[in-house]
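Number of protein chains: 2
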Amino acid sequence: MAKLKFQMSMSLDGYVAGPNQSLEHPLGEGGMALHGWAFATRTFCEMQGRDGGETGLDDDQAAAWNRDVGAFVMGRNMFGPVRGEWPDDSWRGWWGDEPPYHAPVFVLTHHAREPLAMEGGTTFHFVTDGIESALEQARAAAGDRDVSIGGGASTVQQYLRARLVDEMRLHVVPVLLGRGERLFDGVGDALDDFDCVEFVSSPAAAHLTYRRKGG
Amino acid sequence: MAKLKFQMSMSLDGYVAGPNQSLEHPLGEGGMALHGWAFATRTFCEMQGRDGGETGLDDDQAAAWNRDVGAFVMGRNMFGPVRGEWPDDSWRGWWGDEPPYHAPVFVLTHHAREPLAMEGGTTFHFVTDGIESALEQARAAAGDRDVSIGGGASTVQQYLRARLVDEMRLHVVPVLLGRGERLFDGVGDALDDFDCVEFVSSPAAAHLTYRRKGG
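Right under this line is the structure:
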């Protein structure tokens, strides 16, 4: 069966984004430092339409981010900095005209909005009736492919608490953020469900993959 | 100048001990799993008076735990499970007649007790007037050697908040504990003071060393 999975870069002290997300700091203050390992990879350069980038272990990990993924779910703050009612339809995501998803993306929000079709096959759907509905719609869109949680921490925590996550891939970097969005807060005993199935490291990051027991 | 330092094994989700520390679970429930990488090393076997154990990267890391250390400070829960007033002098630590410290150990407690000399050069001194006094006494005892914080999380946090720590060495293992004693809680912006100076990994653990900036 198709999996629900996610992958995130995390500071040594457990943060996946810095504090005070804003237009200037989409990943929160200091959050860019979590992704240095990925920025250097060929996969990331290709996503940006650039040549170059390194192959090897980090690139293999980066390339997993959309492998076998047929649809995404994400929290509203992952989609943008707008809070409350949508003032208009002008916010179209952080990623420019052609977001890197190339697939349907189901955005969790309390505020309805028409679907937003972007270039390259990404369509943002706005889901107002909760995480299970978003997952159901994403699964239907993904067919026999996986669904990936695009972030952020709060959305991942909700799916973890609901015991719906099958696989998670963490990229731990030697950064101490000290503040921001912590991934593994408020998930109760949901982490008891997982086994580590891969643990490899480059000089830039430790990469760990966990899978639901018996999954 | 001699350093104040510590090293701790930590789960991927940030715990350095499991919950419900007790006689049966000195490291808290599940806490033993944090130390598997160290148990396999020659250094640990030697500490236990046994032959064998592996050399290599993990052993190099394990061997650092008492290198250049002239004295230790530790929290009372690191010394034992007794809470409140000492009922008598029968509790002599978790480590049997010959603790592995072979140096003066200054135990933070609210309850006075006479020093306790053990075999092999370890003497436990009980300090009731706070972390700075304990450090001062430990520094005096250590001479030109370093002082190491033996644990646990709460004691490390107190020294971090007081900006007294010069070096920390973390051993991150691919374990998710989900509960217990978290190392990097309640330390405010004290982590801003540190740079990562080493990041190496074995199949069993990622080892990261941080040093105070400009230190």
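The listed protein sequences derive, respectively, from chains V and R. Quick note: the first sequence, position 100, residue 100 per this note's numbering, numbers continuous. Here this note's numbering = 1-based position in the second sequence + 1000. Using N, Cα and C, we set each Cβ at its ideal position, and we do this for glycine too.
Check                                                                                                                                                                     : Outcome
How about the stretch 194-208 of chain V and the stretch 1190-1204 of chain R: do they share at least three Cβ pairs that are nearer than 8 Å?                            : yes
Grab the span of the beta strand (DSSP E) containing R169 (chain V) for me, first residue to last.                                                                        : E167 to V173
Using alpha carbons as the reference points, say which of V:A63, V:D192 and V:A206 lies closest to P100 (chain V).                                                        : V:A63
For E85 (chain V), which residues of its own chain have a beta-carbon under 6 Å away from its beta-carbon, when the five flanking residues on both sides are left out?    : H111
Under the rule that 16 or more other beta-carbon atoms within 10 Å means buried, what is D146 (chain V), buried or exposed?                                               : buried
Please identify, using Cβ separations under 8 Å, the residues of the stretch 153-174 of chain V that lie next to chain R, in order along the chain.                       : L170, V172 and P174
In the stretch 1001-1018 of chain R, which residues sit with their C-beta less than 8 Å from some C-beta in chain V, listed in chain order?                               : L1012, D1013 and G1014
K1213 (chain R): buried (16+ other C-beta within 10 angstroms of its C-beta) or exposed?                                                                                  : exposed
Count Cβ pairs between the stretch 189-198 of chain V and the stretch 34-43 of chain V that sit closer than 8 Å; are there 3 or more?                                     : no
Taking DSSP's pairing of strands, which residues face E198 (chain V) in a bridge?                                                                                         : V:T209
Have a look at Q1158 (chain R) and R83 (chain V) and give me their C-alpha separation to the nearest angstrom.                                                            : 37 Å
With 16 as the cutoff for other CB atoms within 10 Å, does S22 (chain V) come out buried or exposed?                                                                      : exposed
Should F48 (chain V) be labelled buried (16 or more other beta-carbon atoms within 10 Å of its own) or exposed?                                                           : Looking at the sequence shown, residue 48 (chain V) is not Phe but Gln. By the 10 Å Cβ count, Q48 (chain V) comes out exposed.
Look at the alpha carbon of Q1004 (chain R) and the alpha carbon of K5 (chain V), and state the distance between them as a whole number of angstroms.                     : The amino acid at residue 1004 (chain R) is misidentified as Gln; the sequence shows Leu. About 42 Å.
Compare the C-beta of G178 (chain V) against all C-beta atoms of chain R and say whether one is closer than 8 Å.                                                          : yes
Taking only runs of the beta strand (DSSP E) that begin and end inside the stretch 19-99 of chain V, which ones reach a length of at least 3 residues, in chain order?    : 69-75
With the cut-off set at 8 Å, would you say D1166 (chain R) and L191 (chain V) are in Cβ contact?                                                                          : no
Report buried or exposed for D1068 (chain R), applying the criterion of at least 16 other Cβ atoms within 10 angstroms of its Cβ.                                         : exposed
Mind checking if L1057 (chain R) is an interface residue toward chain V, Cβ cutoff 8 Å exclusive?                                                                         : no
Output needed for D89 (chain V): all residues of its chain with C-beta closer than 8 Å, excluding positions within five of it in sequence on either side, in chain order. : R113, E114 and L116
With DSSP run on the structure shown, which of helix, strand or coil describes V16 (chain V)?                                                                             : strand
So, with DSSP's three-state summary, where would you put T123 (chain V)?                                                                                                  : strand
Could you give the first and the last residue of the continuous alpha helix (DSSP H) run that contains L160 (chain V)?                                                    : A153 to R161
For R139 (chain V), which of helix, strand or coil comes out of DSSP?                                                                                                     : helix
Looking at chain R, is there any beta carbon in it that lies within less than 8 Å of the beta carbon of A62 (chain V)?                                                    : no
I need the DSSP call for A1204 (chain R), collapsed to helix, strand or coil.                                                                                             : coil
At what residues does the beta strand (DSSP E) containing D146 (chain V) begin and finish?                                                                                : D146 to I149
Can you find a C-beta in chain R that's less than 8 Å from the C-beta of F184 (chain V)?                                                                                  : yes
Would you verify that the beta carbon of F1199 (chain R) is, or is not, closer than 8 Å to some beta carbon of chain V?                                                   : yes
Can you give the Cα-Cα distance for M1168 (chain R) and Y1210 (chain R), rounded to whole angstroms?                                                                      : 5 Å
Please state if the CB of V1073 (chain R) and the CB of F1106 (chain R) are separated by a distance shorter than 8 Å.                                                     : yes
Roughly how many whole angstroms lie between the Cα atoms of V187 (chain V) and P1081 (chain R)?                                                                          : 28 Å
Find the nearest neighbour of A1205 (chain R) within the set R:G1070, R:T1109, R:L1170 and R:R1092, judged by alpha-carbon distance.                                      : R:L1170
If we call anything under 8 Å between Cβ atoms a contact, is E1181 (chain R) one with A1153 (chain R)?                                                                    : yes
Counting C-beta neighbours from all protein chains within 10 Å, is the total for R1050 (chain R) 16 or more, i.e. buried, or is it exposed?                               : exposed
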